[in-house]
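Notes for the one structure printed next.
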């Protein structure tokens with residue numbers, strides 16, 4: 026059966042910064058949530074949506090998970106405080122996709138992803154390492170964990186365990 030709804034598409038249009046569009050989308054997501062479905066929203070992968078788009082989605086839709094969300098790295102001052110606070114308060118899990126973010130050049134390398142995972146763990150923000158288009162970019166979950174783990178060095182076991190636990194805790198499937 027269906028367990029969740031996922032909104033994904035190009036971030037270049039930045040619909041998430043259009044209040045009317047976002048309000049209408051939030052109404053649809055609210056109906057899905059009331060029907061018992063969990064919510065994922067892909068946002069914050071590229072500079073086009075940026076941290077502002079992420080904050081708008083969090084405030085209007087309150088998804089269970091955010092696909093990518095790496096633009097939190099670019100948030101500063103009050104915007105960063107709001108993002109961190111709301112991700113933590115609503116326990117929104119960020120789905121991090123290391124290889125695809127490198128292929129799309131939204132991250133320079135695995136070291137940047139490792140640094141982000143350490144920051145998220147420090148801020149107590151749920152995150153999990155995922156794959157996005159594994160067949161297209163020739164990766165799998167085991168490889169993603171290994172590549173990030175290499176860069177985490179001594180922190181690998183702790184950070185990767187946090188990712189695994191968040192993935193389990195934020196799964197849309199009921200145990």
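In the numbering used here, the protein residues as written are 26 to 200.
Glycine residues also receive a C-beta, built at the ideal position from the N, C-alpha and C atoms.
Treat the numbers as computed from the prediction; the structure is a model and nothing was measured.
Q: Please classify residue 54: is it buried, with 16 or more other beta-carbons within 10 angstroms of its beta-carbon, or exposed?
A: buried
Q) Residues bridged to residue 68 by DSSP? A) 93
Q: Would you check if the distance between the CB atom of residue 117 and the CB atom of residue 89 is smaller than 9 Å?
A: yes
Q: Determine the closest residue to residue 129 out of 198, 64, 70 and 27, with distance taken between C-alpha atoms.
A: 70
Q.
What would DSSP say about residue 54, mapped onto helix, strand or coil?
A. helix
Q. In the DSSP assignment, what are the bridge partners of residue 120?
A. 92 and 153
(Q) If I measure Cβ to Cβ from residue 62 and keep anything under 6 Å in the same chain, skipping five residues before and after, which residues do I get? (A) 29 and 30
Q.
As a quick exercise: from 146, 44 and 73, pick the residue whose alpha carbon is nearest that of residue 86.
A. 44
**Q.** Contacting residues, own chain, Cβ-Cβ under 6 Å from residue 142 (five flanking each side not counted)
**A.** 184
Q) Hey, residue 58 and residue 47 are a contact pair by Cβ (cut 8 Å); roughly how many whole angstroms apart? A) Contact doesn't hold; Cβ gap of about 15 Å is too wide.
Q | Endpoints, beta strand (DSSP E) assigned at residue 29 | A | 29 to 32
Q. Taking the continuous alpha helix (DSSP H) assigned at residue 169, which residues delimit it?
A. 166 to 177
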